[in-house]
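> Below you'll find the structure I mean.
In my numbering, the protein residues as written are 30 to 272.
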C-alpha cells in the first residue's frame with residue numbers, strides 16, 4: 030500500500046528536509062520513526078526540499094508499507110514518537126503509482142517579515158527586518174513575476190535553460206500592523222527561488238531597486254543571479270496541491 034502524509038515542522042533545529050551528512054534533517058527523523066513503527070527500513074519521498082531553517086505547515090511525503098488498518102491510531106502513535114517540532118496532520122491511502130513530488134500540481138509558500146521592534150519570541154519564525162517598507166511599490170513590482178518566465182536569475186540551480194521555466198500564479202503582499210506577509214503560488218519553485226524573489230521585492234520596498242530594475246532582471250537574456258536572498262527563518266511551505 031502507498032500512503033500520503035502531510036507534516037508540519039519548525040525547521041529551526043534542522044539542516045533542512047533532505048538527509049545530509051552535516052546534521053539532522055526532518056526526512057531522517059521521520060524515516061527513523063516510520064521504520065521503528067513498521068519494523069522494517071522505510072524510505073519516504075517528499076514533495077520537495079526545504080532549506081535549513083525553513084518551516085512547513087503543509088509539506089507532504091509518501092511511503093509504502095503493508096496495509097495500515099487504523100490510520101488515525103497510526104498517526105497518533107507517530108506523533109507520540111516524533112519530536113515536538115515535527116508533527117503529522119494527515120495520512121491517507123493513495124494509488125500505487127502516486128508520487129508526492131511528481132503528482133504535485135502547485136505549491137504555496139508564505140514569507141513573513143517584522144518591520145517593527147525586534148521580537149525575541151519570533152526571531153526564528155518571522156524575519157526581524159526592523160525597517161519600514163513601501164508595500165505599494167512591492168505590490169507593483171510583484172506583478173512582474175506573475176506568469177510563466179525564465180527564473181534563471183532567481184535560483185542557485187545550475188541546469189540548462191529550459192529547466193529554469195516556472196509559472197507563478199499569484200503573489201499577494203499584505204501588511205498587518207508591523208508584519209508584512211508574502212504569499213506565492215506557482216507550479217514549482219527552484220532552490221532559493223522564493224527567498225530571492227522576496228529579497229528582491231524587499232529591495233524595491235526600501236527604494237534601492239526600481240520596478241524597472243526588476244523587469245530587467247526577469248527579462249535578462251544573460252544569467253545574472255540576484256544577490257538579494259532573504260533569510261530562511263521567515264519562510265513557510267504552506268501547502269502542496271494535487272489533482
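Backbone N, C-alpha and C define an ideal beta-carbon position, used for all residues, glycine too.
#1: Answer yes if the stretch 91–107 comes into contact with the stretch 117–127, meaning at least three C-beta pairs across the two stretches below 8 Å, and no otherwise.
#2: Starting from the C-beta of residue 54, find all residues in its chain whose C-beta is less than 8 Å away, skip the five residues before and the five after it, and write them out in chain order.
#3: Figure out for me which residue from 91, 169, 157 has the closest Cα to the Cα of residue 132.
#4: Contact check, residue 198 vs residue 129 under 8 Å by CB: the rounded distance?
#5: Kindly indicate which three-state DSSP category residue 202 falls into: helix, strand or coil?
#6: Closest to residue 170 by C-alpha separation, out of 206, 239, 134, 260, would be which residue?
#7: Can you tell me whether DSSP reads residue 257 as helix, strand or coil?
#8: On the three-state DSSP scale, how would you describe residue 268?
#9: So, do the stretch 207–220 and the stretch 237–252 have three or more beta carbon pairs nearer to each other than 8 Å?
#10: Please report the residue range of the alpha helix (DSSP H) in which residue 18 lies.
#11: Using only alpha-carbon positions, find the residue among 243, 123, 186, 159 that is nearest to residue 145.
#12: Taking the runs of the beta strand (DSSP E) that are 3 residues or longer, which of them lie wholly in the stretch 109–141?
#13: Taking just the CA atoms, how far does residue 126 sit from residue 68?
#14: Determine contact between the stretch 58–68 and the stretch 145–156, defined as no fewer than three beta-carbon pairs at a distance below 8 Å.
#15: To test your reading of the DSSP string, which unbroken alpha helix (DSSP H) runs of 4 or more residues are found completely within the stretch 32–77?
#16: Out of 161, 141, 79, which one is the CA nearest neighbour of residue 153?
#17: Work out the CA separation of residue 196 and residue 178 for me, nearest whole Å.
#18: Which of the three DSSP states, helix, strand or coil, is assigned to residue 85?
#19: Which residue comes first and which comes last in the beta strand (DSSP E) that contains residue 241?
#20: Return the chain-ordered ranges of every alpha helix (DSSP H) run that is complete within the stretch 163–233 and spans a minimum of 4 residues.
#21: Tell me whether residue 30 is buried or exposed, calling it buried when 16 or more other Cβ atoms sit within 10 Å of its Cβ.
#22: If we count the other Cβ atoms within 10 Å of its Cβ and call it buried at 16 or more, is residue 201 buried or exposed?
#23: Compute the beta-carbon to beta-carbon distance between residue 162 and residue 231, rounded to the nearest angstrom, for a pair I have assumed lies under 8 Å.
#24: Rounded to whole angstroms, what is the Cα-Cα separation between residue 235 and residue 124?
Result, derived from the coordinates:
#1: Look at the beta carbons and you see the stretch 117–127 touching the stretch 91–107: at least three pairs across the two are nearer than 8 Å.
#2: Locating residue 54 in the chain shown gives position 25, counting from the first residue. Here the set comprises 43, 44, 45, 46, 47, 48.
#3: Along the chain shown, read from residue 1 onward, the residue named residue 132 stands at position 103. Nearest option by C-alpha distance: 91.
#4: On the chain shown, residue 198 is found 169 positions in, with the first residue counted as 1. On the chain shown, residue 129 is found 100 positions in, with the first residue counted as 1. No, residue 198 and residue 129 are not in contact; Cβ-Cβ is about 20 Å, not under 8 Å.
#5: Taking the chain shown and counting its residues from 1, the one referred to as residue 202 is at position 173. Strand at residue 202.
#6: Taking the chain shown and counting its residues from 1, the one referred to as residue 170 is at position 141. Closest in C-alpha terms to residue 170, from the list 206, 239, 134, 260, comes 239.
#7: Taking the first residue of the chain shown as position 1, residue 257 is located at position 228. Secondary structure of residue 257 (DSSP, three-state): coil.
#8: Here the question's residue 268 lines up with position 239 in the chain shown. If DSSP states are grouped into helix, strand and coil, residue 268 belongs with the strands.
#9: No: fewer than three Cβ pairs fall under 8 Å.
#10: The displayed coordinates of the chain run from 30 to 272. Any statement about residue 18 would go beyond what the structure contains.
#11: Here the question's residue 145 lines up with position 116 in the chain shown. Checked all of 243, 123, 186, 159; the closest Cα to residue 145 is 159.
#12: Listed in chain order, the complete beta strand (DSSP E) runs (minimum 3 residues) inside the stretch 109–141 are 115–123.
#13: By one-based count along the chain shown, residue 68 stands at place 39. By one-based count along the chain shown, residue 126 stands at place 97. Computed Cα separation, rounded: 23 Å.
#14: No: fewer than three Cβ pairs fall under 8 Å.
#15: Counting whole runs of 4 or more residues, the stretch 32–77 contains the alpha helix (DSSP H) stretches 55–67.
#16: The residue given as residue 153 occupies position 124 in the chain shown. It is 141 whose Cα lies nearest to the Cα of residue 153.
#17: Against the chain shown, residue 178 aligns to sequence position 149. Against the chain shown, residue 196 aligns to sequence position 167. Using only the alpha carbons, I get a separation of about 6 Å.
#18: Locating residue 85 in the chain shown gives position 56, counting from the first residue. The answer is strand: DSSP assigns residue 85 an E or B state.
#19: In the chain shown, residue 241 corresponds to position 212, counting from 1. From DSSP, residue 241 is part of no beta strand (DSSP E) but of the alpha helix (DSSP H) over 240–248.
#20: Taking only runs of at least 4 residues, the alpha helix (DSSP H) segments lying wholly in the stretch 163–233 are 164–171.
#21: As a first step, residue 30 is located in the chain shown; it is residue number 1 there, counting from the start. With fewer than 16 Cβ atoms within 10 Å of its Cβ, residue 30 is classed as exposed.
#22: Taking the chain shown and counting its residues from 1, one reaches residue 201 at position 172. Note on residue 201: under 16 other CB atoms within 10 angstroms of its CB, so exposed under the neighbour-count rule.
#23: Along the chain shown, read from residue 1 onward, the residue named residue 162 stands at position 133. Along the chain shown, read from residue 1 onward, the residue named residue 231 stands at position 202. About 7 Å; that satisfies the 8 Å criterion.
#24: Mapped onto the chain shown, residue 235 falls at position 206. Mapped onto the chain shown, residue 124 falls at position 95. Their Cα atoms are separated by approximately 48 Å.
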